[in-house]
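Using the numbering used here, you'd call the opening residue of the first sequence number -3 and step up by one each time.
A short write-up of the structure that comes next.
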Amino acid sequence: MTFRLLIDETRKIVAASLADAGYPDVQFDVSEPPKKEFGDLTCNVAFQLSRHLKKPPPKITAELVERIRPYINKDRPAVLSVEPHPAGYINFKANYGWLSPFTLRKALENPDEYGRYDVGGGKHVVIEHTSVNPNKALHVGHVRNVILGDTLYRIMKAANHRTTVLNYVDDSGLQVADIVIGFKFAGFPVDTPAGQKFDQYCGDEVYVKVNQLYEKDPALAEKRKLVLREIEEGKSELARFAAEITLRVLREQLKTCWRMKVRYDLLNFESHIVVSKMWSKAFELLKKEGLVKLEQEGKNKGCWIIEVAEEEDKVLVRSDGTATYMAKDIPYAAWKLGLVEDPFLYREFSDQWDGSTLYATTLDAGSEKQFNAGDMVITIIDSRQARLQRIISMVLSKISTEKKHDYRHLGYEAVTLSANTARMLNIDIGDRQFMHMSGRKGIYVSADYVLNQLHSKAREEVKTRNPEFSDDQLDAIAEEIAISALRYNMIKQDLDKMITFDISESLSLEGDTGPYLQYAYARSQRILEKAGMDATADARFELLTLQEEVSLIKEIAKLDLVVEDAAKSLSVKSLARYASSLATTFNLFYEKAPVIREADPEKRMARLGLVKAFGIALKNSLDILGISALNKM
RNA sequence: GGGCUCGUAGCUCAGCAUGGACAGAGCGAACGCCUCCUAAGCGUUAGGUCGGGGGUUCGAAUCCCCCCGGGCCCGCCA
């Protein structure tokens, strides 16, 4: 919380002394040095000046430090001292006598607010994620999307945005037609086999096998288009059946998402977009703005197309008058931004684990509410969609002449299966190192399977350590550990790096994992519990001068900087990295600085306060990561 | 063919936006640390031409260009 103050103060001091010395007002950086020996902050201003002044950096540094010294005084309590470094840096030491009490009190006195930072100013952010076709269970590839979206939602909330989370349900696509064909024309029973979830059954059995049947039975494949058309028209018995199946699958998918502590505000059904005539209104708008044209000749003759710079024209309306995939996406995206009139009514769909209500679009018998019109709209889809998303963004920017338009695609690379995992699933991958997942071909690892594996592994571990726990306790804790392992695994790395999912590696609970974070937290809570007294905000925190203590305080002091950065750059990874580094710093403190066994009562109280403040900072970080802070594990 | 993207230790990855002080973690390997707040932890050692080449710069893993290798995208499919 206060690291920000230290940086600000240092910047001001450097800027003021530049002016004193009559130096040009150059850009400079104040940041943490790569090593502890260099102090708490370092400034590179001498390097920036050397070009202007035509002097070597060390010489400038020596002069500037003398200008800086007078500014270090009681009115600027965060900075303690300044030293020139022969390499050319100006290094600062923080005044922990002031910084430590200030930081720890801030955390202890207002724990729930600690680490929040106002980036959004209450602006409305609409986030869409998940959007898995409702004909199969979620696999680990989907999980990356789900966790990324949910974590981003949590970050934006912590950075003071009003948030709305959407889940788009493509209930009128070919994938749905496939399983309907399976049930109606290929003899698959509608009842779920014992011991399976309905979404699993649809995905593993019906969907995969129907697609195999198509190859042998072209007549069956022919039925797809007819079935799809009936579903889109929405009137027939078959369409009602499809809707029923879709909802059953969707509810099972939601159970998996809820299991991972993910929540939504609204389900957007594609069929409602189709029926709502949103497309025709958006189409009129596109025509009016001259963004589409009716192709008169060439391969796209008779189609309404959109011209894209340096690319092939995109067809929006086929020559038979039907709309393409993209044509459904444009009005939906425009709706998210509030560029078209809201045609939907909203009904309550379900309660959720966090006590909130999940709504669904409806065209009749619902109430008016507002889920759209985001100041910022973030659509989370894998980076294969980048090109289409760019076109959508381009179109939107052209029709939103008045309003400010901030439509962003947050893409991420695929999750693939490692060679070992593919082999475990009896998939032949030749000499390749990984295998792309495919729901249609049955090549995937389901989310529930991974969670279950993690659960049973974690349960064993917890039981070994806590033999006295009841079965319910064991299950509750094991479940939180499983979720933590999976969630952390999905966001700890960069979005544009492919995740090669390896089932045995993913079951690790040690090292750079979610459970490592939870473990550090549990350790801290045991200290507080066994101390036999409460940590208070008025302890003498200035007594905490051990290097391990100071490092921990410094780490705690950075939380709001991390939240700010994560929200501004939509970077979920940075929060994971921070939580990990915070936990590591605590573990080092834990090794070196006994709390309960500390003889000096004042120092003991100060350490106890530090432990509690650490717990607050870590718990708040974990909340944003969607990971439960466990008292025991 | 065009576009996007990745390439850092045996493996998985930080660092790259805003160039700067001897390139950092985890896993795996070897060896240590529980009569002491949970060893899901901590320490020591081994392990690197930052894909290759050129350029810009006082200084490049970081910026620019070229090349090599992997992945993805370029339908009147969704």
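Each residue gets a CB set at the ideal place from its N, CA and C atoms; glycine is no exception.
Helix, strand or coil at residue i [DSSP, three-state]
i	result
K332	helix
M372	strand
N616	helix
T99	helix
M433	coil
Y164	strand
D347	strand
H125	coil
H268	helix
R593	coil
E307	coil
I473	helix
A90	strand
K289	strand
I241	helix
L49	helix
C263	Rather than Cys, the amino acid found at residue 263 in this sequence is Leu. DSSP places L263 in strand when its eight states are reduced to three.
F610	helix
H157	coil
A382	helix
V22	coil
S567	coil
Status (buried if at least 16 other CB within 10 Å, exposed otherwise) for residue i
i	result
R140	buried
K488	buried
S174	Per the sequence shown, residue 174 should be read as Asp rather than Ser. Classification for D174: buried.
S502	buried
R455	buried
L584	exposed
T6	buried
G183	exposed
M256	buried
M486	buried
Q514	buried
N69	exposed
Y484	buried
K31	exposed
Y574	buried
Q385	buried
Beta-carbon separation (whole angstroms), residue i vs residue j, contact threshold 8 Å
i	j	result
D490	K569	6 Å
A12	Y92	With 8 Å as the limit, A12 and Y92 do not qualify as a contact, their Cβ atoms being about 23 Å apart.
L406	T375	7 Å
I549	L100	7 Å
E560	Y113	5 Å
K615	A531	Actually they are not in contact, since the Cβ atoms of K615 and A531 sit about 14 Å apart, beyond 8 Å.
V165	E228	Rounded, the Cβ-Cβ distance is 14 Å, inconsistent with contact.
L604	V591	6 Å
A155	G116	5 Å
A533	L60	That belief does not hold up - the Cβ atoms of A533 and L60 are roughly 38 Å apart, past 8 Å.
A553	T(-2)	5 Å
Terminal residues of the beta strand (DSSP E) in which residue i lies
i	result
C39	37 to 39
F340	Unbroken run through F340: none, as it is neither H nor E.
H405	403 to 406
F(-1)	Counting along the chain, F(-1) falls outside any beta strand (DSSP E), though it belongs to the alpha helix (DSSP H) covering -1 to 17.
K310	310 to 313
I301	300 to 302
V78	75 to 80
I495	495 to 497
Y355	353 to 358
First through last residue of the alpha helix (DSSP H) which encompasses residue i
i	result
N448	443 to 461
I549	543 to 552
S414	Taken as a continuous stretch (DSSP letters only), S414 belongs to no alpha helix (DSSP H), being part of the beta strand (DSSP E) at 411 to 414.
F179	170 to 181
A223	The sequence given here has Val at residue 223, not Ala. 214 to 229 is the span of the alpha helix (DSSP H), which, as asked, contains V223.
Near the ligand GTP: residue i beta-carbon under 6 Å from a heavy atom
i	result
A563	Judged by which ligands are present, the structure shown has none, so any question about the ligand GTP falls away.
Legend entry - At least 3 beta-carbon pairs within less than 8 Å: the segment 159 to 169 vs the segment 409 to 419: no
Inset, instruction - Kindly confirm or deny that the segment 121 to 132 and the segment 168 to 179 touch, where touching means at least three C-beta pairs closer than 8 Å. - result: These segments touch.
Inset, instruction - Count the CB pairs spanning the segment 35 to 51 and the segment 12 to 24 that are closer than 8 Å, and state whether there are at least three. - result: Contact between the segment 35 to 51 and the segment 12 to 24 is established, with three or more Cβ pairs separated by less than 8 Å.
Inset, instruction - Determine, using beta-carbon pairs with one atom in the segment 113 to 130 and one in the segment 80 to 93, whether at least three such pairs fall under 8 Å. - result: The answer is no - the segment 80 to 93 does not touch the segment 113 to 130, with fewer than three Cβ pairs under 8 Å.
Inset, instruction - Decide if the segment 226 to 243 is in contact with the segment 326 to 344; the criterion is three or more beta carbon pairs, one per stretch, under 8 Å apart. - result: no
Inset, instruction - Tell me, please, whether the segment 528 to 546 touches the segment 495 to 512 by the rule of three or more beta-carbon pairs shorter than 8 Å. - result: no
Inset, instruction - Would you be able to state if there are at least three C-beta pairs under 8 Å between the segment 193 to 208 and the segment 244 to 253? - result: yes
Inset, instruction - Indicate whether the contact test is met: 3 or more Cβ pairs, each with one atom in the segment 335 to 349 and one in the segment 290 to 308, closer than 8 Å. - result: no
Inset, instruction - Evaluate the contact criterion for the segment 264 to 283 versus the segment 333 to 346: three or more CB pairs, one atom per stretch, below 8 Å. - result: yes
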